[in-house]
Structures are given as C-alpha cells and as structure tokens.
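Written below as structure tokens is the structure these notes are about.
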Amino acid sequence: MKSLSTTILAGAVLSHCVATLQAFGPPSPATTYTFSTWSTRQEEPASFSFSLAMSLLEEDRENSLVRTDLLGGGSNATTLTAASASFGQVVPLKRPSTTTTTETNEYLIPSSSLPVVTDSLQQESRQRNLAVAVTSILLAISSYLWQFTHPITPVQLLFGMQQNSQPISVIGNNQKPTVVDFWAPWCENCKLIAPTLRQVEEEYKDRVNFVMVDGDKGESWPYIEAFGVDAIPHLALVSAEGDVETALIGPIPKHVLEADLDVLLDNAKLQQTQSSQPPQALPYRMLDVFARNPEGRRVHFQ
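Residue numbers for the sequence shown, in mature numbering (1 follows the signal peptide of the UniProt record, and there is no 0): -23 to -1, 1 to 279.
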C-alpha cells in the first residue's frame, strides 16, 4: 500500500513538472496570461494525476505569477507574457481599447433619407408645371391687352425722346452727324412723325447724334434763332464737322431721312480718312436757311 501511494505521488510530481514546463514553454503569438485569463494548449485526456498536477499549477500561479495592485484594486492587475515569465519579470497590463470604432462615410446619403418618387408626387409636379404655364400665358395676354387699351401716345413718345436726348453741345464734337428735331407738344405734325423718328433713332443711334429741342421752353429760343426755325416740325441735318446741310420741314417719310443720313455718314468717313474725294451732296434737300449767309452754316454750342 505504501508502495502504491509512493508511486501515485511520484507520478503526480512528474506530471506537475511536465505541465509546468509546457506552461512556460514557447507559446503561440496570440497566447497571453492575465489574472483573469489563463490560456494553454489543448487539454490532454483527463486523468487523476493530470488533474492533480493542474490543481497544483493553478495554485502556484495564483500565489506567485499574478499580483493585484492593492492601491488600485483589480483594475490595476498586471499581466505576464511567456517571455517575461521565464525570467520572473512582471509586465504592466496593456488594457484593450473599449472604444468601438465605426467606419462611416460622410459623403454617403442614407437610403432612408432619399425621396421616394411615387405616382402622387409625379402628379403634383405635373399639376404645378401646368399651373405655371397657364399663369405665364395669362400674364402675357394681360400685358398685350393693357398695351392695346393703353397705347403710348405720340406726345408721350416725344417726351421720352426728349428725356433721352443728347445735349446740343455734342454737335461737331464727336465726329458724328446730327439730327436736331425742333418740336412742341401742341404740334400735330410733330406727333404724326414721332413714331418714324423713333424708328430711325433706334436704327442709327450708335452712328448719329439725335437732339430734341422743345420749342415751348424759353431756354430753347437761342437755338431756334441759330438754326433759323420758323415752322415745326423742323429737322436740321448737321454734318460731322458741324455744318447745317439742310432742313426738312413737316412730316418726312422714313426713307427720305434715311437716305440723307447715309450720305452724311459716308461724308464723315471721308473726313476721318482725310480723303481727297469731295463730299457727296444730300439726295433730299428742302430748306437752306444759310443760302444767303454761308458763314452762319457752321454751328457750335458750349
């Protein structure tokens, strides 16, 4: 009996030594030892001697390898790697991060936030577009009817041209021919030719000066005397140099005024190029106020 007990004890001690060597042998890279985790190789088939050896090993581990910081409690427990344990060293615990990292893409729009196109939304869009189209048509018709029932009168047209008129001092100073229109609000013929003058002004406004002179204003009398005006409407056609070429009195057809302006523009080009070619005569001449006084033909105003 004593021999049997001795044999069992010797077997247990031998198993204990083998297990100890296995525990402190070269571990796998992922094996660590902490006070709460003890990872070993896959367990061998259970036996009495092996269980006894493991119990002794666990007791030995709790007493000698792992310590708990008394000041910090369990939170400051230390851990041993297999390499440090072989030299009896204690390595500070590297606690795993408890922060959960979630990878998100700020440029991605969650599918739940995307609008869902339904038949009702499409129907609302069609109705909205139809309402906008109908409103635009109604506004256009209303604008046309307003202009038809409230047309711009010739007097309003003349006053508008007067407001946009260039100053009379522009004559002979910018190398452009000039049309000087003497008019008055009570003049019926002035009202008659107002649309024609407006069309011609729009056509030649970049090449010809258009000056309006209201004969009813007192400050206009010096200009009336300088041009020899005795009836209105009076259109004085002035060359780029400032010479009064002719005066067209009364309602003037559009093509007549355009023909004279074209010749004045051609003569202005000859003057700018200093050509030796003589200037052309106007195709339509009516009243020459300065026929007996050629020296007064050139006008100049400050």
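Each residue gets a CB set at the ideal place from its N, CA and C atoms; glycine is no exception. Quick caveat, the model's predicted, so the values are computed rather than measured.
- Under the DSSP definition of a beta bridge, D193 lacks any partner.
- 7 Å or more divides the Cβ of Q249 from the Cβ of V188.
- Put simply, the segment 201 to 208 does not touch the segment 243 to 259. Fewer than three CB pairs are less than 8 Å apart.
- The beta carbon of Q279 sits closer than 8 Å to the beta carbons of S146 from its chain, once the five residues preceding and following it are set aside; these are given in chain order.
- Secondary structure of H232 (DSSP, three-state): helix.
- DSSP links W198 through a beta bridge to no other residue.
- The residue among R175, P131, V111 and P256 with its C-alpha nearest the C-alpha of A161 is P131.
- Residue burial annotation: S97 is exposed, with fewer than 16 other C-beta atoms found within 10 angstroms of its C-beta.
- The alpha helix (DSSP H) runs of length 4 or more contained entirely in the segment 142 to 211 are, from start to end of the chain, 165 to 181 and 198 to 204.
- Using a Cβ-Cβ distance cut-off of 8 Å, the segment 156 to 174 and the segment 204 to 223 are in contact, since at least three pairs of beta carbons, one from each stretch, lie closer than that value.
- Contact between C167 and L116 does not hold, since the beta-carbon distance rounds to 35 Å and is not under 8 Å.
- Comparing alpha-carbon positions, the option among G137, H277 and A110 lying closest to D191 turns out to be G137.
- In chain order, N244 and L247 place their CB closer than 7 Å to the CB of P256, counting only its own chain and leaving out the 5 sequence neighbours on each side.
- Between L225 and G195, the alpha-carbon positions lie close to 23 Å from each other.
- Here DSSP, grouped into helix, strand and coil, assigns T250 to helix.
- In this structure, the beta-carbon distance from S216 to P154 falls below 7 Å.
- Scanning its chain for C-beta atoms nearer than 7 Å, with the 5 sequence neighbours on each side dropped, one finds around G227 the residues N166 and P210, in chain order.
- Ranked by Cα distance from M263, the options N141, E101 and E222 are led by E222.
- In the same chain as Y181, and ignoring 5 residues on each side of it, the C-beta atoms closer than 7 Å to its own belong to L238, in chain order.
- Burial is judged here by how many other beta carbons sit within 10 angstroms of a residue's own beta carbon; G273 has fewer than 16 and is exposed.
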